[in-house]
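To convert, count from 1 in the sequence shown and add 1487; that's this note's numbering.
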Amino acid sequence: MGRKIHQFCKLTVGCLVIFAFSNNSFTSELDEIINANKTSFQKIALEIWDLAELGYLENQSSKLLSDELEANGFAIKKGVAGIPTSFIAEYNNGGPVIGILGEFDALPGLAQTNSPFKEVADNNTGAGHACGHHLFGAASAWAAVTIKEWIEQNNIKGTIRFYGTPAEEGGSGKVYMVRAGLFDDVDAVLHWHPSSDNAANAESSNANKSAKFKFSGISAHAAGSPDKGRSALDGVEAMNMMVNMMREHIPQESRIHYVITKGGLAPNVIPDVAEVYYYVRHPRRQKVQEIFEWVVKASEGAAMGTDTRVTHEVMHGNYSKLPNNVLQKVMHKNLVARGGISYSDQENEYAKKLFETMVSPGGSIGDQERIRPFSASHTYGSTDVGDVSWVVPQAGLRTATWVPGTAGHSWQGVAAGGTSIGLKGTKLAAQVLADTAQDLFKDPRSMELATLEYKERIGDSFAYYPLLGDREPPLDLSLIHI
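Written out as structure tokens, the structure reads:
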């Protein structure tokens, strides 16, 4: 590994950025358990940050989490839904079943140290945790262990189940787990996500579907015999032009984005293979499917017009996230009770330096101390949590693991996620997840009401079918990573 935990003290703001935590007084039973397990899970979070393993390749990260949960008395099932890095960890004491989601995949091309300045890390993957999934997995497992110990100590009738969910970034790992029926017996699912602020809103998201379009042509000398060639790259460019003209005629809430993943190697060789990778998003999955089918037609028209051939492979697809006000209000209450995050002097110094590197930041330092008021909200991003939310009631939160104003999928997110700023947000998430699970086990009526709301939202005629169809998980790295 290129970034060792013991090296963190060499950074500009010193060791105190990594280890300066406030001495909160722990009064509740859950806090005592949280505190007792703090060192273990913060260490795991930083180890996963250092590993920075890409989706479906998170072998060491998955093992760190599953080994720790097994050591804490959970029964482990590995490789579920045909994914080697997925797992389920369960402590079963009968009663209702509450699931907690945990992610651990990194993003390609974001190998950043925890310096407050852009400084590419020398690691083996070229990747970085720009979405904070190292914290996501650690805090969720931390909360699961906390609730397990509370159930055990008080002989509570209840089952806590941790889902180790790989490849959220473009891989839709949870969709395969939903498709395999692994959530069918769950009463409620809890989750969280790293962020630059603190909130537990009733949030919806965009559905999305992606595919790689591969054009095949005929290679020839671009100057000597161009008439004998057919350019696959022309097919890609013609498709892109037609899709860009579509933008005027699709709903304004839609999003279409693409990258050319193969375009040839030399200007004097007509490329016989070219490829473009597309994402289509909209708040409603039905509209996503309609727009996606139009994109497919554009690819076919481009192939006809350039005398090439085209095939496409669906890469992933996610439903929109279905809110649940009953569960979400329980979680929001607990987040408000816990409060925001305070920085030490050293953390403030670090945060100011990092903040100065941001373009048009959407916040200011100090926002991490506040909790956003409860509301219904929508994010234009997408997540495979969406599919989970359409088969079981769910609630989620976000905590300020990043410096306020930080954009997701940025090097600044990687940097803060490797410091005590990230770890403070991780602890807050673990506390709120555990608090919420405790409340639900104490008052199962909340889960019953959440189920009623869920059924009303999905309607009587709903039947789940994944947007990615019946394809198998794309376990080959080259399929989902550019």
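Using N, Cα and C, we set each Cβ at its ideal position, and we do this for glycine too.
Just so we're clear, the structure is a prediction, and the values are computed from it rather than from any experiment.
With DSSP collapsed to three states, give me the class of residue i.
i: Pro-1483; result: Residue 1483 falls outside the range modelled here, since the chain spans only 1488 to 1969, and no answer is possible.
i: Gly-1892; result: coil
i: Leu-1669; result: coil
i: Arg-1772; result: helix
i: Arg-1742; result: strand
i: Gly-1904; result: helix
i: Gly-1956; result: coil
i: Leu-1752; result: coil
i: Ala-1686; result: strand
i: Val-1760; result: strand
i: Lys-1784; result: helix
i: Asp-1963; result: coil
i: Asn-1695; result: strand
i: Phe-1513; result: Since pLDDT at Phe-1513 reaches only 35, below the 50 mark, its modelled position is unreliable, and no value is offered.
i: Ile-1778; result: helix
i: Gly-1521; result: Reading off the sequence shown, one finds Ile at residue 1521, where the question assumed Gly. Correct three-state label for Ile-1521: helix.
i: Tyr-1951; result: coil
i: Val-1919; result: helix
Judging by CA-CA distance, which residue of the options is the nearest neighbour of residue i?
i: Trp-1898; options: Asn-1693, Ala-1617 and Val-1763; result: Ala-1617
i: Gly-1868; options: Lys-1911, Ala-1631 and Arg-1771; result: Arg-1771
i: Glu-1590; options: Ala-1630, Ser-1549 and Ala-1568; result: Ser-1549
i: Gly-1658; options: Tyr-1766, Asp-1518, Gly-1905 and Thr-1646; result: Tyr-1766
i: Gly-1751; options: Val-1730, Val-1783 and His-1708; result: His-1708
i: Val-1746; options: Tyr-1764, Gln-1739, Val-1756 and Val-1730; result: Tyr-1764
i: Ser-1851; options: Lys-1749, Pro-1891, Phe-1700 and Val-1632; result: Pro-1891
i: Lys-1808; options: Met-1791, Glu-1834 and Asp-1871; result: Asp-1871
i: Gly-1566; options: Leu-1517, Asp-1518 and Leu-1669; result: Leu-1669
i: Asn-1695; options: Pro-1595, His-1803 and Ile-1908; result: His-1803
i: Thr-1906; options: Ala-1532, Lys-1525 and Ser-1515; result: Ala-1532
i: Lys-1774; options: Leu-1556, Val-1801, Asp-1537 and Glu-1740; result: Glu-1740
i: Arg-1717; options: Ile-1585, Ser-1948 and Ala-1761; result: Ala-1761
i: Pro-1860; options: Ala-1689, Lys-1840 and Pro-1681; result: Ala-1689
i: Leu-1597; options: Thr-1893, Ala-1902, Arg-1958 and Gln-1776; result: Ala-1902
i: His-1799; options: Thr-1600, Glu-1780, Ala-1921 and Asp-1922; result: Glu-1780
i: Phe-1604; options: Lys-1942, Ala-1863, Arg-1958 and Phe-1842; result: Phe-1842
i: Ser-1602; options: Ile-1908, Ala-1887 and Gln-1547; result: Ile-1908
i: Thr-1844; options: Val-1919, Ala-1894 and Leu-1822; result: Ala-1894
Tell me which residue opens and which closes the alpha helix (DSSP H) that residue i is part of.
i: Asn-1812; result: 1812-1825
i: His-1621; result: 1620-1641
i: Ala-1689; result: First-last for Ala-1689: 1689-1692, but that is the beta strand (DSSP E), not the alpha helix (DSSP H).
i: Ala-1532; result: 1525-1538
i: Tyr-1837; result: 1832-1842
i: Val-1875; result: 1872-1876
i: Met-1728; result: 1719-1733
i: Lys-1605; result: Premise fails: Lys-1605 is in no alpha helix (DSSP H) and is neither H nor E.
i: Tyr-1543; result: Where Tyr-1543 is concerned, there is no enclosing alpha helix (DSSP H), given that its DSSP letter is neither H nor E.
i: Lys-1942; result: 1932-1945
i: Glu-1856; result: No alpha helix (DSSP H) holds Glu-1856; DSSP gives it neither H nor E.
i: Phe-1569; result: The sequence as given places Gly at residue 1569; Phe does not occur at that position. From DSSP, Gly-1569 is part of no alpha helix (DSSP H); its letter is neither H nor E.
i: Gly-1658; result: 1655-1658
Beta-carbon separation of residue i and residue j under 9 Å?
i: Leu-1884; j: Trp-1679; result: yes
i: Glu-1540; j: Asp-1609; result: no
i: Ile-1778; j: Ile-1737; result: yes
i: Val-1797; j: Met-1726; result: yes
i: Ile-1575; j: Gly-1660; result: no
i: Asn-1685; j: Gly-1900; result: no
i: Val-1813; j: Ala-1950; result: no
i: Thr-1913; j: Ala-1710; result: no
i: Arg-1666; j: Gly-1586; result: no
i: Glu-1655; j: Gly-1542; result: yes
i: Thr-1646; j: Asn-1580; result: yes
i: His-1620; j: Pro-1571; result: no
i: Val-1584; j: Val-1673; result: yes
i: Ala-1887; j: Ser-1683; result: yes
i: Asp-1930; j: Leu-1517; result: no
Any beta carbon of chain C sitting closer than 9 Å to that of residue i?
i: Gly-1596; result: Absent here is chain C; the protein component of the structure consists of one chain.
Would you give the residue range spanned by the beta strand (DSSP E) that residue i belongs to?
i: Asn-1579; result: 1574-1580
i: Ala-1562; result: 1562-1565
i: Phe-1649; result: 1645-1652
i: Asn-1805; result: 1796-1805
i: Ser-1864; result: 1863-1866
Report the partner residues of residue i according to the DSSP bridge assignment.
i: Pro-1681; result: Thr-1886
i: Gly-1615; result: Leu-1594
i: Phe-1700; result: Val-1763 and His-1799
i: Val-1584; result: Thr-1646
i: Ala-1675; result: Ile-1585
i: Ile-1705; result: Arg-1717
i: Gln-1881; result: Val-1676
i: Ile-1747; result: Val-1763
Is residue i near the ligand FAD, in the sense that its beta carbon is under 8 Å from a heavy atom of that ligand?
i: Ala-1539; result: This structure simply doesn't include the ligand FAD, nor any ligand for that matter.
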